[in-house]
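Each remark here refers to the structure printed beneath this line.
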Ligand code: NAP
Ligand code: G4F
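In the numbering used here, the protein residues as written are 6 to 330.
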């Protein structure tokens with residue numbers, strides 16, 4: 006029997022990699038896309054238009070802030086597995102739009118869980134939770150670490166995390182929360198710090214720019230490769246018993262050191278090209294995220310393999326190729 010998966014956030018970085026993975030595994034894939042005045046399907050169109058995927062990938066209009074559209078997409082797609090990846094995912098933006106962020110990220114998860122409870126209670130549910138929920142708690146962070154979110158985004162995601170656990174305990178839904186540390190790729194949104202840096206390296210190499218302006222260079226993040234992380238999401242939904250898992254590399258790197266890696270990949274000295282400006286700092290920062298993914302290694306057989314230096318290199322190479330057309 007062909008399995009059916011529903012992915013919210015299919016037009017995003019992770020959604021596009023997950024759609025590819027599930028199509029490779031023989032799934033029929035359904036994706037939720039937002040209506041907007043201009044198309045925002047750059048990542049998913051190559052997959053959607055690939056003749057090999059004809060009839061196996063269906064896109065449905067909907068929005069995490071609108072229950073009716075979520076109920077409709079659940080009824081139409083009749084999913085075996087649901088991956089809730091849709092979110093206002095930018096931490097800095099969440100300070101400017103706290104109410105919208107809570108609606109899309111916290112209430113959105115509840116709207117979808119409720120749509121499933123009432124229409125497809127046998128479906129397995131994955132919630133895209135985040136290391137941002139740990140916030141101020143010192144590393145290494147793991148599944149049992151105390152949460153202390155530092156942004157409206159982190160607080161909204163924590164609400165969704167506990168809602169997922171509550172639907173599992175209260176209604177016996179197969180619902181899991183994947184607590185993923187930062188993961189990047191050439192498909193990363195352009196305003197996240199890694200991609201902002203690698204695009205700047207490409208522009209500087211091409212003579213189109215001379216510098217990039219960043220905020221806090223001291224922040225430490227545990228950066229892995231998104232393509233590997235979507236495999237972990239899928240594995241979480243294949244377990245006999247639902248549980249929550251951290252996915253991380255276990256290596257922490259400062260923003261400064263990521264810049265050094267990206268610039269030195271093309272023989273440049275980052276100190277000659279990176280400027281700082283307080284306008285890119287946040288009202289409250291998460292100083293250090295570094296995950297302990299031993300539970301995922303033991304129970305899912307999942308391990309990150311791409312190093313942060315390799316990741317920086319592959320992102321720079323892709324951004325240079327993109328600029329060259
Ligand atoms: P992303 O590239 O920003 O993608 C977000 C997706 O959500 C996009 O498809 C976006 O649609 C969609 N979306 C936003 N608001 C929506 C709404 N109101 N209704 C319907 N769809 C909406 O994020 P990502 O990096 O792939 O991350 C995937 C998920 O994992 C997110 O929930 C994120 O918060 C979480 N997460 C990410 C990381 C990470 O390091 N990447 C780590 C931990 C957790 P448009 O294309 O129309 O904007
Ligand atoms: O790349 P960032 O914006 O990612 P952040 O805030 O860690 O959030 C990402 O990872 C989370 C997982 O922990 C996800 F849940 C979330 O959806 C998102 O994918 O910033 C990383 C660090 C921060 O400390 C930030 O203050 O880089 C610092 N930074 C320094 N200069 C900057 C900049 N961040 C951005 N976006 N832009 C800068 O110019």
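Just so it is clear, CB atoms sit at the ideal spot from N, CA and C, and this is done for glycine as well.
Return yes when at least one heavy atom of ligand 2 lies under 6 Å from the C-beta of residue i, else no.
| i | result |
| --- | --- |
| residue 219 | yes |
| residue 2 | Residue 2 lies beyond the residue range present for the chain, which begins at 6 and ends at 330; the question has no answer from this structure. |
| residue 1 | This structure leaves residue 1 out entirely; the chain is present only between 6 and 330. |
| residue 260 | yes |
| residue 171 | no |
Could you name the residues of the same chain whose beta carbon sits closer than 6 Å to that of residue i, not counting the 5 residues immediately before and after it, in chain order?
| i | result |
| --- | --- |
| residue 293 | 144 and 225 |
| residue 99 | 106, 156, 157 and 158 |
| residue 11 | 35, 82, 84 and 87 |
| residue 202 | 264 and 267 |
Identify which residue in the options has its Cα closest to the Cα of residue i.
| i | options | result |
| --- | --- | --- |
| residue 264 | 276, 304, 69 and 298 | 276 |
| residue 19 | 6, 295, 7 and 36 | 36 |
| residue 211 | 322, 15 and 218 | 322 |
| residue 53 | 42, 67 and 38 | 38 |
| residue 48 | 59, 40 and 194 | 194 |
| residue 243 | 129, 57 and 31 | 129 |
| residue 57 | 45, 77, 28 and 76 | 28 |
| residue 206 | 59, 317 and 303 | 317 |
| residue 50 | 328, 8 and 25 | 25 |
| residue 208 | 42, 31, 330 and 63 | 330 |
| residue 285 | 41, 134, 220 and 90 | 220 |
| residue 31 | 227, 40, 43 and 9 | 9 |
Run the proximity test for residue i: is its beta-carbon closer than 6 Å to any non-hydrogen atom belonging to ligand 1?
| i | result |
| --- | --- |
| residue 18 | yes |
| residue 39 | yes |
| residue 132 | no |
| residue 68 | yes |
| residue 188 | yes |
Please report the distance separating the alpha-carbon of residue i from that of residue j.
| i | j | result |
| --- | --- | --- |
| residue 270 | residue 314 | 9 Å |
| residue 190 | residue 119 | 32 Å |
| residue 151 | residue 326 | 42 Å |
| residue 162 | residue 131 | 13 Å |
| residue 55 | residue 171 | 39 Å |
| residue 13 | residue 308 | 25 Å |
| residue 259 | residue 279 | 14 Å |
| residue 125 | residue 79 | 7 Å |
| residue 97 | residue 6 | 43 Å |
| residue 68 | residue 94 | 15 Å |
| residue 102 | residue 74 | 22 Å |
| residue 111 | residue 104 | 10 Å |
| residue 295 | residue 186 | 8 Å |
| residue 136 | residue 289 | 15 Å |
| residue 71 | residue 213 | 42 Å |
| residue 45 | residue 15 | 11 Å |
| residue 235 | residue 319 | 18 Å |
| residue 312 | residue 164 | 31 Å |
| residue 139 | residue 255 | 15 Å |
| residue 177 | residue 197 | 37 Å |
| residue 174 | residue 92 | 24 Å |
| residue 90 | residue 303 | 25 Å |
Apart from the five residues just before and just after residue i, which ones in its own chain have a Cβ nearer than 7 Å to its Cβ?
| i | result |
| --- | --- |
| residue 4 | The structure shown does not extend to residue 4, since the chain is modelled only from 6 to 330, so the question has no answer here. |
| residue 204 | 195 and 324 |
| residue 168 | 114, 115 and 118 |
| residue 61 | 28, 33 and 34 |
| residue 160 | 154 |
| residue 179 | 129, 130 and 247 |
In chain order, what residues of the same chain lie with their CB nearer than 8 Å to the CB of residue i, ignoring the 5 residues before and after it?
| i | result |
| --- | --- |
| residue 148 | 184, 249, 250, 251 and 300 |
| residue 192 | 18, 21, 22, 48 and 231 |
| residue 223 | 259, 260, 261 and 292 |
| residue 141 | 153, 155, 291 and 292 |
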